[in-house]
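Undergrad:
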Amino acid sequence: MKQLLEHFAWNPTDRLLSLGCGSAWWEANLILHQTCQEIILVDTNAEVLNPEHFKENIDYFEKKLEKKWECTYQIFNQSLEQLPLDKHHIDGVWVFNAWHELDTWDTILPALKNILKPEGWILIEEELSLQERRFHEGCGKKLLYLDELNEQMKSISFRLNQQIWKDQQSCYLKYQKA
Numbered sequence: 001m002k003q004l005l006e007h008f009a010w011n012p013t014d015r016l017l018s019l020g021c022g023s024a025w026w027e028a029n030l031i032l033h034q035t036c037q038e039i040i041l042v043d044t045n046a047e048v049l050n051p052e053h054f055k056e057n058i059d060y061f062e063k064k065l066e067k068k069w070e071c072t073y074q075i076f077n078q079s080l081e082q083l084p085l086d087k088h089h090i091d092g093v094w095v096f097n098a099w100h101e102l103d104t105w106d107t108i109l110p111a112l113k114n115i116l117k118p119e120g121w122i123l124i125e126e127e128l129s130l131q132e133r134r135f136h137e138g139c140g141k142k143l144l145y146l147d148e149l150n151e152q153m154k155s156i157s158f159r160l161n162q163q164i165w166k167d168q169q170s171c172y173l174k175y176q177k178a
């Protein structure tokens, strides 16, 4: 998380969206370290992402970090393309270890482009296939090569702006509208 906070800062006035966020444990921790105006949490699994569990995350990190939550939030258990968001509403999108789980690229990619502001960005933390095709240990889905991910982003006019390796197989990739 230290790398993330050091290299991929956001502004306190930003509206952020986290796609495929699971229980939003990381998001609660990050926002208490560095707040934003609004965080929109998106995961189709309502058993994992729900107001009660997210409030527990906030309470835990408020106590641990001795900080007060100052950000508005919304929780959606729908696919990205179904969200009731205005065009150019979001400053940045986070996708933490979930890009490989997204299936409907033909609708997700245009939806991302639509909701992001003209100077918007997408930050992806993802395990990648390197020399040979790999599959995610948890879900068994294929992991993309960096070139494949870059091509997906290029299809919606985003370019790789920053890349930092987290470990030997995972990296942070920040894409900006071209």
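One point on numbering: in full-length UniProt numbering, the residue at position 62 of the sequence shown is 62, and numbering is uninterrupted.
By construction, the Cβ of each residue, glycine as well, lies at the ideal position given by its N, Cα and C atoms.
Ordered along the chain, which non-local residues of its own chain (more than five positions away) have a Cβ less than 6 angstroms from that of residue 153?
TA: These residues qualify, in order along the chain: 175.
Undergrad: Quick check: the Cα distance between residue 136 and residue 165, rounded to an integer number of angstroms?
TA: Spanning the two alpha carbons is a distance of roughly 17 angstroms.
Undergrad: Using a 10 Å radius around the Cβ and a threshold of 16 neighbouring Cβ atoms, would you call residue 93 buried or exposed?
TA: So residue 93 counts as buried.
Undergrad: Give me the DSSP bridge partner(s) of residue 19.
TA: In DSSP, residue 19 forms a bridge with 42.
Undergrad: Can you tell which of 119, 79, 116 and 124 has the C-alpha that lies nearest to the C-alpha of residue 98?
TA: The shortest Cα separation from residue 98 among 119, 79, 116 and 124 belongs to 124.
Undergrad: Let me know the secondary structure DSSP gives residue 126 once reduced to three states.
TA: Three-state DSSP puts residue 126 in a strand.
Undergrad: Could you tell me which residues DSSP pairs with residue 92 in its beta bridges?
TA: Bridge partners of residue 92: 16 and 121.
Undergrad: With DSSP as the reference, please indicate the residues paired to residue 159 in a beta bridge.
TA: Partner(s): 176.
Undergrad: Out of 79, 66, 33 and 6, point me to the one whose CA is closest to residue 40's CA.
TA: For the residues 79, 66, 33 and 6, the minimum Cα distance to residue 40 belongs to 79.
Undergrad: Which residue from 162, 121 and 139 puts its Cα closest to that of residue 91?
TA: Per the Cα distances, 121.
Undergrad: The alpha helix (DSSP H) spanning residue 107 covers which residue range?
TA: From DSSP, the alpha helix (DSSP H) with residue 107 extends over 105-115.
Undergrad: Could you check what DSSP says for residue 10 in three-state terms: helix, strand or coil?
TA: Coil.
Undergrad: For the candidate residues 23, 36 and 20, whose alpha-carbon lies nearest to that of residue 69?
TA: When each option's Cα is compared against that of residue 69, the closest is 36.
Undergrad: Could you name the residues that DSSP lists as bridge partners for residue 76?
TA: Note: residue 76 sits in a beta bridge opposite 42.
Undergrad: Out of 22, 33 and 113, point me to the one whose CA is closest to residue 11's CA.
TA: Checked all of 22, 33 and 113; the closest Cα to residue 11 is 33.
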